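Data first, discussion second: the structure below is written as structure tokens.
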Amino acid sequence: MTAVNVKNVLKQYRQVGVQGTVDEASPHRLIQMLMEGALERISMAKGYMNLKEIPKKGESISSAISILDGLSVSLDKDAGGAIAENLEALYDYMKRRLVEANINNDFKILDEVTALLIEIKMGWDAIPEDAKNAHQEKDKYGV
């Protein structure tokens with residue numbers, strides 16, 4: 728992740744109102760926090776859908792879509808190559824599915840997007856500490 732991408736992630740993180748210590752978080756942790764925030768918003772949308780609170784459901788889904796936008800913007804396509812492009816396509820697919828879930832009040836679609844996001848997050852969470860630290864040092868010193 729480049730310095731520009733980190734700034735975009737920080738901006739997106741603050742815009743969606745996810746709680747946490749943003750200023751002290753590493754770029755890796757920021758991405759984790761965004762994913763956690765998206766999962767939380769989707770869960771909230773399911774609850775609101777169940778309660779027939781349509782405006783709140785729409786707000787939660789809209790917030791999840793905004794978070795996915797932030798995740799997409801944070802991708803470094805130069806360094807990430809095909810993986811970054813595939814993630815961008817997957818984030819776009821999830822956003823479209825969330826719109827469909829909102830329109831149709833479809834719990835199954837929310838579950839589908841949740842499962843996809845959990846799968847991505849599990850991969851992100853499994854990145855070894857030394858790889859995270861090496862990447863942070865690279866960003867810090869520009870090498």
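Position 139 (the sequence shown) corresponds to 866 in my numbering; numbering is contiguous. The beta carbon of each residue, even a glycine, is placed where N, CA and C say it ideally should be. Fair warning: this is a prediction, and the values are worked out from it, not measured in the lab.
Item checked: Close beta carbons around K822, own chain, < 8 angstroms, minus the five adjacent residues each side -> I792, L795, D796
Next item on the list: With P855 as the anchor, note down where its alpha helix (DSSP H) starts and where it stops.
Entry: Careful: P855 lies outside any alpha helix (DSSP H) and carries neither H nor E.
Next item on the list: Find the nearest neighbour of Y820 within the set E846, V840, I847, E786, judged by alpha-carbon distance.
Entry: V840
Check: For A752, which of helix, strand or coil comes out of DSSP?
Finding: coil
Notebook entry, point to check: Is the distance from the Cβ of M762 to the Cβ of K848 below 9 angstroms?
Noted result: yes
Item checked: Helix, strand or coil at E767 [DSSP, three-state] -> helix
Note to self: I'd like the span of the alpha helix (DSSP H) that includes L817, first residue to last.
What the structure shows: 804-831
Next item on the list: Name the residue from G764, L766, S787 whose alpha carbon lies nearest to the alpha carbon of Y775.
Entry: S787
Note to self: To the nearest angstrom, how far is the alpha carbon of E856 from that of S753?
What the structure shows: 12 angstroms
Item checked: Boundaries (first-last residue) of the alpha helix (DSSP H) holding Y801 -> Per the sequence presented here, residue 801 reads as Ser, with Tyr not at that position. Taken as a continuous stretch (DSSP letters only), S801 belongs to no alpha helix (DSSP H), as it is neither H nor E.
Next item on the list: Using alpha carbons as the reference points, say which of D852, N829, L844 lies closest to S789.
Entry: N829
Notebook entry, point to check: Between L798 and Y818, is the Cβ-Cβ spacing less than 9 angstroms?
Noted result: yes
Check: In whole angstroms, what is the alpha-carbon distance linking E767 and L844?
Finding: 11 angstroms
Next item on the list: With a threshold of 16 other CB atoms inside 10 Å of the CB of L778, please say whether the residue is buried or exposed.
Entry: exposed
Next item on the list: Put E786 into one of helix, strand or coil per three-state DSSP.
Entry: helix
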